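Asks: Numbering (my numbering), first residue to last: 16 to 197.
For glycine and all other residues, C-beta sits at the position ideal for the given N, C-alpha and C.
As the structure is a prediction and not an experimental result, all values here were calculated from the model.
Provided herewith is a single structure, encoded as structure tokens, for subsequent inquiry.
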């Protein structure tokens, strides 16, 4: 990685300490869970250094979104935070990290789901592919960015219920990740 995590986050979160706190607290929880999953499953051969870095950066794009509840005052719809984070990290030369950003939303998204739901995203598959992408995508569902719930870990049932609002396909993908990573 060409920059330290701290300098990269400071570059994109220079002026709002509350947005940075939310990002860092949420991302640290996701990173800790992702590392615990990796250690529980050595047979998956996850790259733990990359796993931690990517988990800490997976939501970097929230700063560009209109999400005042988490102190983000950009113009993009929240669902675009993964694509925006991917763009930001790609510009930094961090293509592998960028793919994690793009592929962690929900339990991943297919081009068909994007088109059917008229989501404001490029109509392409954004499903987690690498083991690190899958672990981060899964771990992310257990932690909210709601300032009042940052440190609370959701149960599997709560995470599943939250995803259930988006249909059966995301639930099937989440259940498959759960079966692999529990």
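Does the distance from the CB of residue 104 to the CB of residue 113 come in under 7 Å?
Replies: To locate residue 104, count along the chain shown from 1; it is residue 89. To locate residue 113, count along the chain shown from 1; it is residue 98. Closer than 7 Å, so yes.
Asks: Would you call the region 157 to 170 in contact with the region 120 to 137, where contact means no fewer than 3 C-beta pairs closer than 8 Å?
Replies: Touching, no.
Asks: Do three or more CB pairs link the region 28 to 37 to the region 132 to 152 at distances below 8 Å?
Replies: Touching, no, given that fewer than three Cβ pairs across the two stretches are closer than 8 Å.
Asks: Rounded to whole angstroms, what is the Cα-Cα separation between residue 101 and residue 111?
Replies: What you label residue 101 is simply residue 86 of the chain shown in a count that begins at 1. What you label residue 111 is simply residue 96 of the chain shown in a count that begins at 1. Taking the straight line joining both Cα atoms gives about 9 Å.
Asks: Using the three-state DSSP reduction, which class does residue 140 fall into: helix, strand or coil?
Replies: Here residue 140 corresponds to residue number 125 of the chain shown, with the count starting at 1. It is coil, neither helix nor strand.
Asks: Three or more C-beta pairs closer than 8 Å, one from the region 64 to 72 and one from the region 43 to 50: is that the case here?
Replies: Yes, since at least three Cβ pairs between the region 64 to 72 and the region 43 to 50 fall closer than 8 Å, the two stretches touch.
Asks: Around the C-beta of residue 120, are 16 or more other C-beta atoms found within 10 angstroms, so that it is buried, or is it exposed?
Replies: Start at 1 with the first residue of the chain shown, and residue 120 comes out as number 105. When all chains shown are included, residue 120 counts as buried.
Asks: Give the DSSP-derived three-state secondary structure of residue 88 in the structure shown.
Replies: The sequence position of residue 88 within the chain shown is 73, counting from 1. Three-state result, residue 88: strand.
Asks: Between residue 45 and the rest of its own chain, which residues show a CB-CB distance below 6 Å, the 5 nearest in sequence each way excluded?
Replies: For the purposes of this step, residue 45 is identified with residue 30 of the chain shown, where counting begins at 1. Counting only Cβ-Cβ distances below 6 Å, and skipping sequence neighbours, we find 70, 154, 155, 158.
Asks: Pick helix, strand or coil for residue 108, following the three-state DSSP scheme.
Replies: Locating residue 108 in the chain shown gives position 93, where the first residue counts as 1. Coil.
Asks: Quick one: what's got a C-beta closer than 6 Å to residue 148's C-beta in the same chain, skipping five residues either side?
Replies: Indexing the chain shown from 1 puts residue 148 at position 133. For residue 148, where only same-chain residues beyond five positions count, the Cβ hits under 6 Å are 115, 118.
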